[in-house]
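Going by UniProt numbering, the letters in the sequence shown line up with residues 1 to 319, in that order.
This report refers to the structure that appears directly beneath it.
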Amino acid sequence: MKNSILSIVVPCFNEEEVLPTTHHELSMLLDRLIKNEKISNKSTIIYVDDGSKDKTWGLISELNSSATYACGIKLAKNAGHQNAVMAGLMEAAKASDMIVSIDADLQDDVNVIEEMVDKYHEGFDIVYGVRSSRESDTFFKRNTALAFYKLMHVMGVKTVYNHADFRLMSKRAVEELDNYKERNLFLRGIVPLIGYSSTSVYYERHERFAGESKYPLKKMLNFALEGITSFSVTPIRFITSIGFIIAFASIFAAIYSLVSYFTGNVTSGWTSLILSIWFIGGVQLLSIGLVGEYIGKIYTEVKGRPRYNIETILNKDLK
Ligand code: UDP
Ligand code: MG
1 MKNSILSIVV
11 PCFNEEEVLP
21 TTHHELSMLL
31 DRLIKNEKIS
41 NKSTIIYVDD
51 GSKDKTWGLI
61 SELNSSATYA
71 CGIKLAKNAG
81 HQNAVMAGLM
91 EAAKASDMIV
101 SIDADLQDDV
111 NVIEEMVDKY
121 HEGFDIVYGV
131 RSSRESDTFF
141 KRNTALAFYK
151 LMHVMGVKTV
161 YNHADFRLMS
171 KRAVEELDNY
181 KERNLFLRGI
191 VPLIGYSSTS
201 VYYERHERFA
211 GESKYPLKKM
221 LNFALEGITS
231 FSVTPIRFIT
241 SIGFIIAFAS
251 IFAAIYSLVS
261 YFTGNVTSGW
271 TSLILSIWFI
281 GGVQLLSIGL
291 VGEYIGKIYT
301 EVKGRPRYNI
311 ETILNKDLK
């Protein structure tokens, strides 16, 4: 157990206010885990500077030269939270056995990392950090988040409810992640697809202790849209269904307008107008949906995701 190297990946975008405290807390945690012989003393904390405009990178290099555990990766420009986490995970997997990702603002409880490590030693490859309540959130954020998870579920995207990007992954799980070549990254949706054994640990989420959220409403909406459109062709199917319904309804519209025509109480031109509006409308939507089906196929193809992921192979040494 004490030979397992842990890396903690921390994406940082303009986080000068929180970094020193964050490093203090995380190193104390690593000290404790090493003392309890749960991880190796080669364990590290990897700060990924996601193109910060403030002193974040300066602080990271300072920590790297003067403090224990601190490593740094500087991205050339702001690539977004998901890509920053991905960069950290990929670098970390080269030299560690398990990797935890956590936000720089420590809204997630660092102490449950110990529980995550225990679960890793029990044999789990993926351990999700799940918020047990959303009391520290505003009414607005709580309800929009809930609506988001529900919508994702309806769209057929498998995500872990109330789990953000605070999780532990084994080296092989991270390596598998590398086979998901898509550029529109939504880790929460991809990680469950990997399929290795997983479990959850629960914690209370705190408020950000300093600095401001880097996820304003606009980024949040983009993120939600990204999550849905990167995983689901349901919106395209929706167009096809509406097309079907309208084309079907046009039969009734036809009967109704023809009956009205023969009973004589219509203005001239009305029948042909109504008939064509319904019919053409239905046909158009159906056609768009049909084209969409092909786009949907192209979209799943270009993502080039792996078809399967082998868990174990049992071989006979044939001589
Ligand atoms: N972050 C990042 N790049 C970005 C935006 C955010 O690396 O473009 C990092 C940020 O430094 C933090 C984490 O992503 O460590 C989550 O951001 P934040 O806490 O602001 O989001 P919130 O908790 O408000 O959703
Ligand atoms: Mg935060």
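Note that beta-carbon positions come from the ideal geometry of N, C-alpha and C, so glycine has one too.
- The stretch 94 to 103 and the stretch 158 to 167 touch, with three or more beta-carbon pairs separated by less than 8 Å.
- For a cut-off of 8 Å, the C-beta gap from D109 to Y203 is around 4 Å, short enough to register as a contact.
- For a cut-off of 8 Å, the C-beta gap from V160 to S200 is around 7 Å, short enough to register as a contact.
- Secondary structure note for M116: its alpha helix (DSSP H) is the uninterrupted segment V112 to E122.
- Counting only runs of 4+ residues, the alpha helix (DSSP H) found wholly inside the stretch 8 to 82 occupies 19 to 35 and 56 to 66, in chain order.
- Its Cα nearest to that of L29, the residue E114 stands out among E114, G304, I310 and I99.
- Here the residues close to ligand 1, judged by CB distance below 5 Å to any of its heavy atoms, are P11, C12, F13, E15, D50, G80, H81, A84, D103, A104, D105, S213, K214 and Y215 in chain order.
- Counting only runs of 3 or more residues that sit fully inside the stretch 115 to 184, the beta strand (DSSP E) segments are 126 to 131 and 163 to 170, in chain order.
- Contact annotation: the stretch 60 to 67 does not touch the stretch 126 to 139, with fewer than three C-beta pairs closer than 8 Å.
- Residue pairing of S200 in beta bridges, as defined by DSSP: Y128.
- Setting aside the 5 residues that flank it on each side, E182 is surrounded in the same chain by K303, each with a C-beta closer than 6 Å to its C-beta; the list follows chain order.
- Distances between the C-beta of R208 and the heavy atoms of ligand 2 include at least one below 7 Å.
- If you draw a straight line from the Cα of A224 to the Cα of G129, it is about 20 Å long.
- Nearest in C-alpha terms to A67, of all of N83, L19, G51 and S52, is L19.
- Just so you know, the alpha carbons of Y299 and I236 end up roughly 12 Å apart.
- Contact check between the stretch 151 to 159 and the stretch 44 to 51: fewer than three CB pairs, one atom from each, fall below 8 Å, which does not count as touching.
- G264 counts as exposed, since fewer than 16 other C-beta atoms from the protein chains shown sit within 10 angstroms of its C-beta.
- About 13 Å separates the beta carbons of I34 and S7, which is beyond the 8 Å limit, so they are not a contact pair.
- Contact annotation, S170 with D97: C-beta distance approximately 7 Å; criterion of less than 8 Å satisfied.
- For I255, the enclosing alpha helix (DSSP H) begins and ends at T234 to T263.
- Look at V283 here: in three-state DSSP terms it is helix.
- Residue environment: H23 is assigned as buried (16 or more neighbouring CB atoms within 10 Å of its CB, all protein chains considered).
- By the criterion of a C-beta distance shorter than 7 Å, K74 is surrounded in its chain by D49 and W57, once the five residues flanking it on both sides are discounted.
- M98 carries a strand assignment under DSSP once its states are collapsed to helix, strand and coil.
- Counting along the chain, T229 sits inside the alpha helix (DSSP H) bounded by residues L217 to T229.
- Just measuring C-alpha positions, the residue of A254, F248, L193 and E16 sitting nearest L286 is F248.
- For M1, the number of other beta carbons within 10 angstroms of its own is below 16, and it is reported as exposed.
- Annotation for V157: G189, F231 and S232 place their beta carbon closer than 6 Å to its own, counting only its chain and skipping 5 residues before and after.
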